[in-house]
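Comments concern the structure below.
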Amino acid sequence: MEGDPERAREAEGGPRVVSLAPSSTATLAAMGAEDAVVGVTAHCELDRPVVGGWLNPDYDRIAELDPDLVCTSDGLQADVRDELLDRGFEVCHVEPDGLAAVVDSFETLGRAVGRPEAGAELAAEARDRLAAVRDTVAAELGGRPRPVVYCEEWSDPPMAAGNWVPEAVEAAGGRYPFVSPGERSREVSRSAVEVEGPDHVVLHVCGHGDRVDPESFRARGWDVDADVHVVDDDLLNQPSPRLVEGVETLSTLLHDDE
1192 MEGDPERARE AEGGPRVVSL APSSTATLAA MGAEDAVVGV TAHCELDRPV
1242 VGGWLNPDYD RIAELDPDLV CTSDGLQADV RDELLDRGFE VCHVEPDGLA
1292 AVVDSFETLG RAVGRPEAGA ELAAEARDRL AAVRDTVAAE LGGRPRPVVY
1342 CEEWSDPPMA AGNWVPEAVE AAGGRYPFVS PGERSREVSR SAVEVEGPDH
1392 VVLHVCGHGD RVDPESFRAR GWDVDADVHV VDDDLLNQPS PRLVEGVETL
1442 STLLHDDE
């Protein structure tokens, strides 16, 4: 929380929130706080007045909505956060870089909008679901090696997913040798993927939902003998409760034949 946190929490009738991050919008909705949201970006899945894009919001439009709090997320929105603070807005900025930090951010957002119990309950539920996945895959794997997984969040150029995705793969029972936990997504070469011999390729191309043809990967001609899966990009790219669903989905994809 940046600025004066009490102003947002003690606003008459509850805070008016503008969410400039789809992940924050989804998290607030999941904890039952969507009624506090009065404005969103064009990328958010909530029917509210739109105040522009993720990286290019309309600050005058935000001001017209008279929010008590503006939510931002990720280092890519750091300049947006700074501009909001310079203009006198109260800002809740979360920047999780790993799976546990994503879950912790649910509590941060809950406190910021004056609903700490709802945020804590959402986080506790997420931790329980992740623990259940880990227990299930541990039993399924026994002593067998984990399958190698390559997750691609962008295809031109190919980029291996980073941030929380390495830990998501680990939680789902896979091995992810392409990016270390907490590191940003990065471009990878054909040879870097081929040498690891992935058993599974997961395509979750940013902004494409699940509208990616798995044959587009096979058509590259890479020497990779792997099952190719397409998942909705929100399930792995968005640091919201949808990420927990993404871990559950990965677990099913990696182990459904065991």
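For the sequence shown, the working numbering begins at 1192 and goes up steadily by one.
Even for Gly, the Cβ is constructed at its ideal location relative to N, Cα and C.
Inset, instruction - Quick one: which unbroken beta strand (DSSP E) runs of 3-plus residues sit fully inside the segment 1275-1336? Chain order, please. - result: 1282-1285
Legend entry - Opposing strand residues paired with residue 1453 [DSSP bridges]: In the structure as shown, the chain starts at 1192 and stops at 1449, and residue 1453 therefore has no counterpart that could be examined.
Inset, instruction - Within the same chain, show all residues whose beta-carbon is closer than 6 Å to that of residue 1376, passing over the 5 residues directly before and after it, in chain order. - result: 1344, 1350, 1352 and 1353
Inset, instruction - Classify residue 1358 as buried or exposed, calling it buried when 16 or more other Cβ atoms lie within 10 Å of its own Cβ. - result: Buried.
Legend entry - Nonlocal neighbours in the same chain, by C-beta distance under 7 Å from residue 1317, ignoring five residues either side: For residue 1317, where only same-chain residues beyond five positions count, the Cβ hits under 7 Å are 1294, 1297, 1432 and 1435.
Inset, instruction - Go through the segment 1346-1371 residue by residue and report every complete run of the alpha helix (DSSP H) that reaches 4 residues or more, in order. - result: 1356-1362
Legend entry - Whole-angstrom distance between residue 1416 and residue 1270, CA atom to CA atom: Approximately 42 Å between the Cα atoms of the pair.
Inset, instruction - Taking all protein chains shown into account, decide if residue 1230 is buried (16 or more other Cβ within 10 angstroms of its Cβ) or exposed. - result: buried
Legend entry - Where residue 1385 sits in the DSSP three-state scheme: helix
Inset, instruction - Could you tell me if residue 1419 is buried or exposed, where buried requires 16 or more neighbouring beta carbons within 10 angstroms of its beta carbon? - result: That one is buried.
Inset, instruction - Below 8 Å on the Cβ atoms is my guess for residue 1403 versus residue 1394; work out the distance and round it to an integer in Å. - result: About 5 Å separates the CB atoms of residue 1403 and residue 1394; that is less than 8 Å, so the two are in contact.
Legend entry - Residues sharing a beta bridge with residue 1230, DSSP: DSSP, once it has assigned bridges, lists 1209 as partnering residue 1230.
Legend entry - residue 1219 - DSSP class collapsed to helix/strand/coil: Assigned with DSSP and collapsed to three states, residue 1219 falls in helix.
Inset, instruction - Evaluate residue 1201 with the Cβ neighbour count: other Cβ atoms within 10 Å of its Cβ, from every protein chain shown; 16 or more gives buried, anything less gives exposed. - result: Note on residue 1201: pLDDT 44, under 50, position unreliable in the model; no value is reported.
Legend entry - Pair within 8 Å by beta-carbon distance, residue 1216 and residue 1300: Result no, Cβ atoms of residue 1216 and residue 1300 do not sit closer than 8 Å.
Inset, instruction - Quickly, what does DSSP pair residue 1378 with across the bridge? List them, please. - result: Per DSSP, 1350.
Legend entry - Sub-8 Å separation of residue 1389 and residue 1438 beta-carbons: Contact: no.
Legend entry - Enclosing beta strand (DSSP E) for residue 1264 [first to last residue]: 1260-1264
Inset, instruction - Can you tell me which of 1396, 1246 and 1336 puts its alpha carbon nearest to the alpha carbon of residue 1232? - result: 1246
Inset, instruction - Quick one: residues in its chain with C-beta nearer than 6 Å to the C-beta of residue 1280, no 5 flanking neighbours on either side, listed in chain order? - result: 1261
Legend entry - Residues bridged to residue 1243 [DSSP beta-bridge criterion]: 1248
Inset, instruction - Give every residue of the same chain whose Cβ lies closer than 6 Å to the Cβ of residue 1197, excluding the five residues on either side of it in the sequence, and list them in chain order. - result: Only weak support is given to the placement of residue 1197: the predicted model assigns it a pLDDT of 44, under 50, and the value that follows is read from those uncertain coordinates. Correct list: empty, nothing qualifies.
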